[in-house]
Amino acid sequence: RFELQIWGADELINYTNRLERKNKKVDANLKVLYDTNNPSLIKYHSEGLKGVICTVSALEIANLVNNDKQDAIFDLNIRRFLGSRGAVNADIKNTCSDKSVSFQFWFLNNGITIVCDSFDPVADPDKPHIKIKNMQIVNGCQTAKTLALAAQDRILSRDTRVLLKIFETDNQDLVDKIVLTTNNQNKISSRDLRANSPEQLDMQQGFEKYKYFYERKIRQYDEKEGIDINRILVNELVARSYLAIILKISSDASRRKYKVWGELYKKIFHGKHGVEPYILVALIYRYTNRWLKASAFVSGKNDILRKLANSGSFHLDRIVSFLWRRNDSWKSVQKIKKQIMAIEQDPTILDKYIKQGLHILEDIVKNNTVFRSDIDNALKLASLDEKIDSYLYQLKKK
């Protein structure tokens with residue numbers, strides 16, 4: 006019995022790469038944390054596959070990486086080390102080196118995934134360890150390298166512990182699947198990370214008093230029956246509307262929404278004036294945006310108006326709010342409640358202000374050579390926000 010395989014250039018290159026990896030193979034003898042009274046080392050077997058989950062000192066991983074001068078242990082990892090400047094790796098380094106929180110590292114970190122030719126756990130209470138042949142770290146490169154750097158800097162806390170998942174297989178196809186699946190997940194955004202914060206929970210509860218559904222998690226209400234989609238207000242659009250109308254930074258609301266969940270988060274979600282201003286600005290955005298999409302301006306021949314109708318919604322929101330409300334004051338909760346009711350009862354009350362505001366925005370852009378020459382870029386500029394403020398305040402004086 007035999008099997009015939011036809012090899013071409015791709016197969017030969019793959020085979021050569023495997024041979025090169027074997028020539029750089031990394032073996033290890035890692036000390037593990039083992040307690041005979043607790044299942045601190047878990048072995049699993051299925052259909053000829055073997056796996057083990059265990060815990061090691063972070064220093065074990067750091068020494069392993071630092072002794073591997075060629076970084077051969079990361080050959081199968083899809084990413085190289087991204088450096089210490091990024092927020093995630095900076096947090097890893099801070100946690101593993103701060104003695105007041107380093108004991109939490111095992112709980113806060115996703116751990117490290119290893120594939121190897123073979124492993125042999127030795128559950129000796131006096132000297133527990135695991136022997137690993139030809140190992141590769143396929144997930145956890147950022148963790149491993151950060152621990153290694155912390156050890157080099159002599160700041161790695163000795164009570165930092167790391168979770169390991171180790172898989173034994175000589176099946177290259179399975180190795181490729183493990184690499185893919187352990188590194189493949191839905192992207193977690195800054196918005197997602199804030200979803201369960203106290204401010205977002207408070208906002209949700211506050212909106213419910215007005216029978217609105219504040220979507221603090223993506224597609225939060227998709228599976229719930231009896232939800233009127235017209236009563237759903239997405240937290241990111243609420244925040245951007247607040248940024249444009251109340252904080253008067255339309256340029257950031259339009260083109261730098263990442264700031265909502267970063268440097269401007271506390272300026273937006275401070276909780277000082279209740280939820281009413283947030284509801285009102287969200288409604289102004291919603292109906293202004295709907296009006297624009299239904300208007301002839303979005304596909305009209307006037308180049309400036311067309312671009313503003315398609316991309317200048319947040320700038321227009323700020324103008325519409327001022328024209329309709331006649332000021333930038335947000336102190337009177339009772340007035341804001343009445344304005345919310347007014348829009349709910351008849352959104353068309355904004356129509357004349359939207360049309361007037363669009364022409365105001367057109368005038369501001371048309372009469373400025375910098376804005377007029379590149380409208381897309383103008384919408385990013387703080388100077389356009391300032392021109393809008395100046396125009397509106399002059400208008401009020403008249």
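Under our numbering, the letters of the sequence shown match residues 6 to 403, in that order. Virtual Cβ for every residue (Gly too), placed ideally from N, Cα, C. This one's a predicted model, so the numbers in the text were calculated from it and none came from an experiment.
- Message: Check whether the stretch 79-89 and the stretch 141-149 touch, using three or more Cβ-Cβ pairs below 8 Å as the test.
- Response: Contact holds: three or more Cβ-Cβ distances are below 8 Å.
Cβ pair Thr353, Asp322 closer than 8 Å: No, they are not a contact pair.
Compare the C-beta of Ala299 with all C-beta atoms of chain B and state if any pair is closer than 8 Å. Among the protein chains of the structure shown there is no chain B, as only one such chain exists.
Subject >> Buried or exposed (CB count within 10 angstroms, at least 16 for buried), Gln257 >> reply: Reading the sequence as shown, one finds Asp at residue 257 and not Gln. Answer is buried; the Cβ neighbour count reaches 16.
List the endpoints of the continuous beta strand (DSSP E) containing Arg166.
-> Bounds of the beta strand (DSSP E) holding Arg166 are 166-173.
Margin query: So His320 and Leu252 are supposed to be a Cβ contact under 8 Å. How far apart are they, rounded?
Written below: Between Leu252 and His320 the Cβ distance is about 13 Å, and since that is not below 8 Å, they are no contact.
Residue span of the beta strand (DSSP E) that contains Glu220, given as start and end = Glu220 -> beta strand (DSSP E) spans 218-220.
Query raised in the report: From Leu310 to Tyr358, what does the alpha carbon distance come to, in whole angstroms?
Result: The alpha-carbon atoms of Leu310 and Tyr358 are separated by roughly 16 Å.
Is it right to say Trp296 is buried, meaning 16 or more other beta carbons lie within 10 angstroms of its own, or is it exposed? Counting Cβ neighbours within 10 Å, Trp296 comes out buried, since at least 16 surround it.
query = Under the rule that 16 or more other beta-carbon atoms within 10 Å means buried, what is Ser141, buried or exposed?
reply = The residue you asked about is not Ser; residue 141 is Gln in the sequence shown. Taking every protein chain shown into account, the CB of Gln141 has 16 or more other CB atoms within 10 angstroms, so this residue is buried.
message: Once DSSP output is grouped into helix, strand and coil, what is the label at Asp308?
response: Three-state result, Asp308: helix.
If I measure Cβ to Cβ from Phe274 and keep anything under 6 Å in the same chain, skipping five residues before and after, which residues do I get?
Answer for Phe274: Glu204, listed in chain order.
Taking the straight line between their C-alpha atoms, what separation do you get for Tyr219 and Arg236? Taking the straight line from one Cα to the other gives about 9 Å.
* To do: Please go through the same chain and pick out, in chain order, the residues whose beta-carbon is closer than 7 Å to the beta-carbon of Glu281, but skip the five residues on each side of it.
  => Cβ neighbours of Glu281 within its own chain (closer than 7 Å, five residues either side excluded): Val338, Ile341, Lys342, Ile345.
*Report yes or no: do the stretch 28-35 and the stretch 128-139 share at least 3 C-beta pairs separated by less than 8 Å?*
Enough Cβ pairs lie closer than 8 Å, so yes.
- Beta-carbon separation of Val167 and Ala63 under 8 Å? Yes; because the gap between Cβ atoms is below 8 Å, this pair is in contact.
Worksheet item: So is His50 buried or exposed if we call it buried at 16+ other beta carbons inside 10 Å?
Response: With fewer than 16 other Cβ atoms within 10 Å, it is exposed.
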